[in-house]
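Protein chains: 2
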Amino acid sequence: MSIPNINLTTAEWSVMECLWQKSPRTGREATEWLKKSMGWSRSTTLTLLRRLEAKGAVACDDQGGIKSFRPLIRREDAALQETEDFLDRVYKGSLSLMISSLTKKQALSQQEIAELHEVLREMEANPDD
Amino acid sequence: MSIPNINLTTAEWSVMECLWQKSPRTGREATEWLKKSMGWSRSTTLTLLRRLEAKGAVACDDQGGIKSFRPLIRREDAALQETEDFLDRVYKGSLSLMISSLTKKQALSQQEIAELHEVLREMEANPDD
DNA sequence: TCCCATTGGTTACACTTGTAAACACATTGT
DNA sequence: ACAATGTGTTTACAAGTGTAACCAATGGGA
Chain A
358 MSIPNINLTT AEWSVMECLW QKSPRTGREA TEWLKKSMGW SRSTTLTLLR
408 RLEAKGAVAC DDQGGIKSFR PLIRREDAAL QETEDFLDRV YKGSLSLMIS
458 SLTKKQALSQ QEIAELHEVL REMEANPDD
Chain B
358 MSIPNINLTT AEWSVMECLW QKSPRTGREA TEWLKKSMGW SRSTTLTLLR
408 RLEAKGAVAC DDQGGIKSFR PLIRREDAAL QETEDFLDRV YKGSLSLMIS
458 SLTKKQALSQ QEIAELHEVL REMEANPDD
């Protein structure tokens with residue numbers, strides 16, 4: 358399988374976000390970005406990058422000492438994976454159960470609801486699934 | 358705050374499911390249930406129950422040696438918590454982004470879609486949120 | 001040429017999580 | 001009274017995670 362099930366930890370998600378936002382990035386860029394956004398020290402980011410490389414989630418190209426990193430998995434794929442795990446655990450795998458729970462808890466803002474309708478309308482218009 | 362943010366691990370979710378399904382349950386009932394459903398040994402379940410008690414997620418009433426456990430948090434609340442964390446991490450907090458991503462990935466079955474419509478219809482019928 | 005700054009790697013360490021054995025105490029049939 | 005059984009507690013331990021200090025190499029300026 359070309360898209361193996363890779364599970365990202367929360368810290369790893371942050372690193373991936375950095376690379377998904379723009380890639381490739383040199384080690385320098387990545388560490389600086391994450392120092393700003395997360396307050397992490399240089400080594401922390403580099404360690405995470407290594408772990409992600411080991412997992413097969415990022416690749417690193419080394420040209421003359423300087424390394425640059427790029428994601429090997431797409432955000433959508435990671436997100437889908439995460440979503441399935443989550444839905445299974447919390448909502449017995451059922452998306453509609455999730456939505457109806459949220460509405461019951463009144464946890465959806467007017468705006469969310471409007472957007473939902475919008476998405477559903479689009480879904481109807483594009484019955485390609 | 359009376360509903361503190363409690364985060365459950367996957368194993369802890371299993372224990373809570375057991376108690377949410379029926380409560381109170383004696384230690385015995387719980388261990389047996391989880392041995393069946395999860396294949397866990399007695400001690401595993403009891404350890405988890407203790408950890409959950411420490412977290413304030415379950416209470417245990419001790420009458421004459423035998424203990425019985427009951428949840429202190431409701432499933433809906435735990436689920437909502439979990440859902441918020443998840444949505445923030447993966448979909449920038451936006452439910453509609455989640456749904457539209459899923460439709461783009463064609464990750465929804467016909468049935469899911471039908472159910473979604475159903476939920477939305479209900480939502481329209483009950484504009485109490 | 002030699003030192004400093006930059007870049008990446010190695011090692012570390014505490015905390016969490018999953019899983020359970022080992023132990024201790026109570027109860028009860030014989 | 002005692003052994004067997006049931007019930008709960010303590011201790012353990014490996015793997016995973018968050019976080020980073022420390023070390024090694026290397027390239028550029030004095």
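Same order as they appear, the protein sequences are chains A and B.
Numbering-wise (our numbering), the first sequence opens with residue 358 and increments by one.
Numbering-wise (our numbering), the second sequence opens with residue 358 and increments by one.
Glycine residues also receive a C-beta, built at the ideal position from the N, C-alpha and C atoms.
- If you check the CB distance, residue 425 of chain B and residue 476 of chain A do not come in under 7 Å.
- Boundaries of the beta strand (DSSP E) harbouring residue 427 of chain B: 423-428, taken from the DSSP string.
- Shown here, residue 366 of chain A sits in coil according to DSSP, grouped into three states, outside any helix or strand.
- Fully contained in the region 381-447 of chain B are the following alpha helix (DSSP H) runs of length 4 or more, in chain order: 384-395 and 399-412.
- Here residue 388 of chain B has 399, 402 and 403 as same chain residues with Cβ atoms under 7 Å from its own Cβ, once five neighbours each way along the sequence are excluded.
- DSSP places residue 467 of chain B in the helix class (H, G or I) of the three-state scheme.
- In the assembly as shown, residue 460 of chain A is a buried residue. Its beta-carbon has 16 or more other beta-carbons within 10 Å.
- At the C-beta level, residue 429 of chain A and residue 415 of chain A come within 7 Å of one another.
- Per DSSP, residue 457 of chain B is one residue of the alpha helix (DSSP H) stretching across 452-461.
- In this structure residue 391 of chain A does not touch residue 382 of chain A by the C-beta definition: roughly 10 Å separates them, more than the 8 Å allowed.
- Along the region 452-477 of chain B, going in chain order, the ones with a CB nearer than 8 Å to a CB of chain A are 452, 453, 455, 456, 457, 458, 459, 460, 461, 462, 463, 464, 465, 469, 470, 472, 473, 474, 475, 476 and 477.
- Using a 10 angstroms sphere on the CB of residue 457 of chain B, the tally of other CB atoms reaches 16 or more, which defines it as buried.
- Between the beta-carbon of residue 435 of chain A and that of residue 363 of chain A there is about 7 Å, and that keeps the pair under the 8 Å contact cut.
- Chain-ordered, the chain B residues with CB closer than 7 Å to the CB of residue 433 of chain A read 458 and 462.
- Around the beta carbon of residue 440 of chain B, 16 or more other beta carbons sit within 10 angstroms, so the residue counts as buried.
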